[in-house]
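Colleague: Okay, here's the structure, questions in a sec.
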Amino acid sequence: GVFSASDLNRAEMLARSTEIGEDDEVLDLGCRHGETSVFVNSLYGAETLALTRSDICRSVASRNLGLNDVEECEAVSDDGPESISHNSFDVCLFRPGSDNPNILRNDLQEVQRVLRPSSRVAVCHRKERGVESVLESVFGGFSVDRREFDYQITSATN
78 GVFSASDLNR
88 AEMLARSTEI
98 GEDDEVLDLG
108 CRHGETSVFV
118 NSLYGAETLA
128 LTRSDICRSV
138 ASRNLGLNDV
148 EECEAVSDDG
158 PESISHNSFD
168 VCLFRPGSDN
178 PNILRNDLQE
188 VQRVLRPSSR
198 VAVCHRKERG
208 VESVLESVFG
218 GFSVDRREFD
228 YQITSATN
């Protein structure tokens, strides 16, 4: 597939740092080229929806999912999670594409809406992005699950 080494490292870090069951429905928000969905499928066998706002990324993600024999995953481009029904997912893995706190807050509010009760969101981000304060305001708390180089995985429960 078409993957960069740094994207693969972050995708694997996000997938391995998050508790996912085989029967969980997973939202891969900001899926880029599908790296995280490939890891989720190979590690857990969970059904995944790879969502991006970019038609180019959707096209590359779909190709990469096919090249990696990922059958339990669909890559779609959209305006974001706004089009997804309430309480649709058990886990959301999120790699934000914007540093803008308003966009991040809006995306995480939509994530909260599409997650089932007691489900988790895990965010892979640069430490200085301010994700913790947004998770605190939207979900009422957060935990830092892993730190590696300039990135960390921060999660919250719905």
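Going by this note's numbering, the first residue of the sequence shown is number 78, and it counts up by one from there.
Note that the Cβ used here is the ideal one computed from N, Cα and C, for glycine as well.
So residue 196 and residue 168 are supposed to be a Cβ contact under 8 Å. How far apart are they, rounded?
Modeller: Here residue 196 is taken as the residue at index 119 of the sequence shown, counted from 1. Here residue 168 is taken as the residue at index 91 of the sequence shown, counted from 1. Yes, residue 196 and residue 168 are in contact; Cβ-Cβ is about 6 Å, under 8 Å.
Colleague: State the CB to CB distance for the pair residue 170 and residue 215, rounded to an integer number of angstroms; the pair is presumed to be in contact (CB under 8 Å).
Modeller: Residue numbering aside, residue 170 sits at position 93 when the sequence shown is read from its first letter. Residue numbering aside, residue 215 sits at position 138 when the sequence shown is read from its first letter. Not a contact, Cβ separation roughly 16 Å.
Colleague: Using 8 Å for Cβ pairs, my map puts residue 86 next to residue 110. What's the rounded Cβ distance?
Modeller: By 1-based counting over the sequence shown, the position of residue 86 is 9. By 1-based counting over the sequence shown, the position of residue 110 is 33. Incorrect: roughly 13 Å between the Cβ atoms, too far for contact.
Colleague: Name, in chain order, the residues that DSSP records as bridge partners for residue 163.
Modeller: Within the sequence shown, numbered from 1, the residue matching residue 163 stands at position 86. According to DSSP, residue 163 bridges with nothing at all.
Colleague: Among 128, 139, 147, whose alpha-carbon lies nearest the alpha-carbon of residue 116?
Modeller: The residue labelled residue 116 in the question sits at position 39 within the sequence shown. Of 128, 139, 147, the residue nearest in Cα terms is 147.
Colleague: What does a CB cutoff of less than 7 Å around residue 188 pick up in its chain, not counting 5 residues either side in sequence?
Modeller: Here residue 188 is taken as the residue at index 111 of the sequence shown, counted from 1. Within the same chain, residue 188 has close Cβ partners 106, 158, 169, 171, 198.
Colleague: Looking only at C-alpha atoms, which of 192, 131, 203 sits nearest to residue 161?
Modeller: The sequence position of residue 161 within the sequence shown is 84, counting from 1. With distances taken between Cα atoms, residue 161 lies closest to 192.
Colleague: Tell me the start and end of each unbroken beta strand (DSSP E) in the region 190-224 that is at least 3 residues and wholly inside, in chain order.
Modeller: Runs found: 192-203.
Colleague: Indicate the three-state DSSP secondary structure (helix, strand or coil) for residue 108 in the structure shown.
Modeller: Translated into the one-based positions of the sequence shown, residue 108 becomes position 31. Three-state result, residue 108: coil.
Colleague: Classify residue 97 as buried or exposed, calling it buried when 16 or more other Cβ atoms lie within 10 Å of its own Cβ.
Modeller: For the purposes of this step, residue 97 is identified with residue 20 of the sequence shown, where counting begins at 1. Residue 97 should be labelled buried.
Colleague: Going by beta carbon distance, what residues of the same chain come within less than 6 Å of residue 236, once the five residues before and after it are set aside?
Modeller: This structure cannot speak to residue 236, because the chain is shown only from 78 to 235.
Colleague: My output table needs one value for residue 137: the three-state DSSP class, helix, strand or coil.
Modeller: Position 60 of the sequence shown, counted from the first residue, corresponds to residue 137. Residue 137 falls in the helix class under three-state DSSP.
Colleague: When you compare only the Cα positions, how much space is there between residue 78 and residue 204?
Modeller: On the sequence shown, residue 78 is found 1 positions in, with the first residue counted as 1. On the sequence shown, residue 204 is found 127 positions in, with the first residue counted as 1. Bear in mind that the predicted position of residue 78 carries a pLDDT of just 49, short of 50, making it unreliable; the figure below should be weighed with that in mind. Taking the straight line from one Cα to the other gives about 28 Å.
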